[in-house]
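A.B. asks: Dumping the structure here so I can ask a few things about it.
2 protein chains.
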Amino acid sequence: MAKNYNFIEKLRELGLRPTKQRIKMCEVLFNREKTFHFTINDLAKMLTEKMGEKISLATVYNTVHAFEKKGYLKEISINSDKSYFDTNTSIHHHFYDEDTHELIDCNENDVNPVIVKKNITGKKINSVEVLIKVASDYQNQK
Amino acid sequence: MAKNYNFIEKLRELGLRPTKQRIKMCEVLFNREKTFHFTINDLAKMLTEKMGEKISLATVYNTVHAFEKKGYLKEISINSDKSYFDTNTSIHHHFYDEDTHELIDCNENDVNPVIVKKNITGKKINSVEVLIKVASDYQNQK
DNA sequence: AAACTACATTATAATTATTCTAAACTGTTG
DNA sequence: CAACAGTTTAGAATAATTATAATGTAGTTT
Chain A
1 MAKNYNFIEK
11 LRELGLRPTK
21 QRIKMCEVLF
31 NREKTFHFTI
41 NDLAKMLTEK
51 MGEKISLATV
61 YNTVHAFEKK
71 GYLKEISINS
81 DKSYFDTNTS
91 IHHHFYDEDT
101 HELIDCNEND
111 VNPVIVKKNI
121 TGKKINSVEV
131 LIKVASDYQN
141 QK
Chain U
143 MAKNYNFIEK
153 LRELGLRPTK
163 QRIKMCEVLF
173 NREKTFHFTI
183 NDLAKMLTEK
193 MGEKISLATV
203 YNTVHAFEKK
213 GYLKEISINS
223 DKSYFDTNTS
233 IHHHFYDEDT
243 HELIDCNEND
253 VNPVIVKKNI
263 TGKKINSVEV
273 LIKVASDYQN
283 QK
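So the protein lines, in turn, are chains A and U.
Start counting the first sequence at 1; every next residue gets the next number (our numbering).
Start counting the second sequence at 143; every next residue gets the next number (our numbering).
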């Protein structure tokens, strides 16, 4: 979504009613320079703060999934008890800090392009994602 | 773990008492030619069948995590409501079939080696995993 | 082999993330 | 502004996983 305040228009274009919850979510998610990684809980907390009133968790789930379906958010494959989402929907890879449970984008040039030479017959490749798990040097045991 | 029936010895070497539940788990998991992908539930079901008596879910969780800590199982990074494990603990990548929710190993040569050129400072790379999500050609929308 | 001890297993309760439900609410259209 | 369809909401329901506390068992000591 664009770097402006016309989220009402944007939402309409997506066929989503511009409710105040959704507009606030757009502001929090898409009014940024850098890409943003979050869990539903992170986001719900931020929203409740920024709005000064509580937003229902169910709404956050609904809206995040709506944005995902429309292609404005991407879910990231990590094996965690929670789901992580990313405002950067382009193809890119991630570092996952096992100490802090933080996600960090790989820069384009940090990882050479991944070449898949052979695919499963009859299937189409939807995505190719690299996850690089890192941790402090002096904490070797998981 | 090796392709033999000496799981009692193996377990002792790991510092794990060879209980009948653990021995059965070894037989189910490690008496295979091909690598094996599973969720806790899959495994619990198989075990209950093979043993003719019920095995507690808690035991399956405990033991799977014990094996993982010892390096005989690997958890695979997929964002799913369940955790997937793999008896192949070497570095290798996966296809994930979004239709069937099945995991399939990549062969060594199916994917070119992933080169990480720049890492986060102060951190050590623990793993680099590629996940290739595939689906039927005629079912494009997730 | 009886007794002891530390670790394992178990059923069940607790916890956590996520989805469902049904009622109340609110954009939108006419 | 009335009516409708889509939204939000609190709370219930579900599902995966972890914690608990009692009972059981492997391994060691006697």
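All C-beta atoms, glycine included, are put in the ideal place defined by N, C-alpha and C.
To the nearest angstrom, how far is it from the Cα of Met193(U) to the Cα of Glu210(U)?
C.D. replies: One C-alpha to the other measures close to 22 angstroms.
A.B. asks: Only counting the same chain, and skipping five residues up and downstream in sequence, which positions put a Cβ closer than 7 angstroms to that of Asp105(A)?
C.D. replies: Cβ neighbours of Asp105(A) beyond the five flanking positions: Thr35, Asn88, His92, His94.
A.B. asks: Assuming the contact rule is C-beta atoms closer than 8 angstroms, Phe180(U) and Phe149(U) should be a hit. Round their C-beta distance to whole Å, please.
C.D. replies: Incorrect: roughly 18 angstroms between the Cβ atoms, too far for contact.
A.B. asks: Could you name each continuous alpha helix (DSSP H) segment of 4 residues or more that falls completely within the segment 18-82 of chain A, going from the start of the chain to the end?
C.D. replies: Listed in chain order, the complete alpha helix (DSSP H) runs (minimum 4 residues) inside the segment 18-82 of chain A are 20-30, 40-51, 57-70.
A.B. asks: Measure the C-alpha to C-alpha separation of Ser80(A) and Ser219(U) and round it to an integer number of angstroms.
C.D. replies: The alpha-carbon atoms of Ser80(A) and Ser219(U) are separated by roughly 8 angstroms.
A.B. asks: Using a Cβ cut-off of 7 angstroms, pull out every chain U residue sitting near Val128(A), in sequence order please.
C.D. replies: Those are Val272, Ile274, listed as they occur along chain U.
A.B. asks: Below 8 angstroms on the Cβ atoms is my contact criterion, and I expect Leu57(A) with Val64(A) to pass it. Report the Cβ-Cβ distance as a whole number of Å.
C.D. replies: Not quite, the Cβ-Cβ distance comes to about 11 angstroms (not below 8 angstroms), so this is no contact.
A.B. asks: When we look at the beta-carbon of Ile274(U) and count the other beta-carbons within 10 Å, is it buried (16 or more) or exposed?
C.D. replies: Ile274(U) should be labelled buried.
A.B. asks: To the nearest angstrom, how far is it from the Cα of Val28(A) to the Cα of Glu102(A)?
C.D. replies: Answer to the nearest angstrom: the Cα atoms are 18 angstroms apart.
A.B. asks: Any beta-carbon of chain A closer than 8 angstroms to the one on Lys212(U)?
C.D. replies: So no, Lys212(U) is outside the interface.
A.B. asks: Between the segment 263-278 of chain U and the segment 151-161 of chain U, do three or more beta carbon pairs fall short of 8 angstroms?
C.D. replies: Short answer: they don't touch.
A.B. asks: Please compile the residues from chain U whose C-beta is within a distance smaller than 8 angstroms of the C-beta of Glu33(A).
C.D. replies: Simply none; closest approach about 20 angstroms.
A.B. asks: Mind pulling the chain U residues with CB within less than 8 angstroms of Ser83(A)?
C.D. replies: Asn221, listed in chain order.
A.B. asks: In this structure, how does DSSP classify Asp99(A) when only helix, strand and coil are distinguished?
C.D. replies: Residue state, collapsed to three classes: coil.
A.B. asks: List the endpoints of the continuous alpha helix (DSSP H) containing Lys266(U).
C.D. replies: Note, Lys266(U): premise wrong, no alpha helix (DSSP H); beta strand (DSSP E) at 265-278.
A.B. asks: Between the alpha carbons of Ile165(U) and Asp184(U), how many angstroms are there, rounded?
C.D. replies: Roughly 17 angstroms between the two C-alpha positions.
A.B. asks: Quick check on DSSP: helix, strand or coil for Ile262(U)?
C.D. replies: Here Ile262(U) sits in coil by DSSP.
A.B. asks: Just curious, the alpha helix (DSSP H) that Glu250(U) is in, first and last residue?
C.D. replies: Premise fails: Glu250(U) is in no alpha helix (DSSP H) and is neither H nor E.
A.B. asks: If you drop the 5 nearest sequence neighbours on each side, which residues of the same chain put their C-beta closer than 6 angstroms to that of Met46(A)?
C.D. replies: Excluding sequence neighbours, Met46(A) sits near Val28.
A.B. asks: Could you tell me if Gly264(U) is buried or exposed, where buried requires 16 or more neighbouring beta carbons within 10 angstroms of its beta carbon?
C.D. replies: Classification for Gly264(U): exposed.
A.B. asks: Determine the closest residue to Ile120(A) out of Val256(U), Val258(U), Glu240(U), with distance taken between C-alpha atoms.
C.D. replies: Nearest of Val256(U), Val258(U), Glu240(U) to Ile120(A), Cα basis: Glu240(U).
A.B. asks: What's the C-alpha gap between Val60(A) and Arg159(U)?
C.D. replies: Going from the Cα of Val60(A) to the Cα of Arg159(U) covers about 46 angstroms.
A.B. asks: Lys259(U) and Val116(A): beta carbons closer than 8 angstroms?
C.D. replies: Their beta carbons are not under 8 angstroms apart, which means Lys259(U) does not touch Val116(A) by this criterion.
A.B. asks: Going along chain A, which residues have a C-beta under 9 angstroms from Asn254(U)?
C.D. replies: Neighbours of Asn254(U) on chain A, chain order: Asn112, Pro113, Val114, Ile115, Val116, Lys117.
A.B. asks: Beta-carbon separation of Ile55(A) and Ser83(A) under 8 angstroms?
C.D. replies: No.
A.B. asks: Does Asn230(U) get closer than 8 angstroms to chain A when you measure Cβ to Cβ?
C.D. replies: No, Asn230(U) does not count as interfacial toward chain A.
A.B. asks: For Lys142(A), which of helix, strand or coil comes out of DSSP?
C.D. replies: Interpretation of Lys142(A) is limited by its pLDDT of 38, a score under 50 that renders its predicted location unreliable; the figure taken from the coordinates is listed afterwards. Lys142(A) falls in the coil class under three-state DSSP.
A.B. asks: Kindly indicate if chain A contains any beta-carbon less than 8 angstroms away from that of Asn204(U).
C.D. replies: Not an interface residue.
A.B. asks: With a threshold of 7 angstroms on Cβ separation, who are the neighbours of Lys256(U) within its own chain once the five nearest residues in sequence on each side are excluded?
C.D. replies: Contrary to the premise, residue 256(U) reads as Val rather than Lys in this sequence. Closer than 7 angstroms at Cβ, skipping near neighbours: Val270, Val272.
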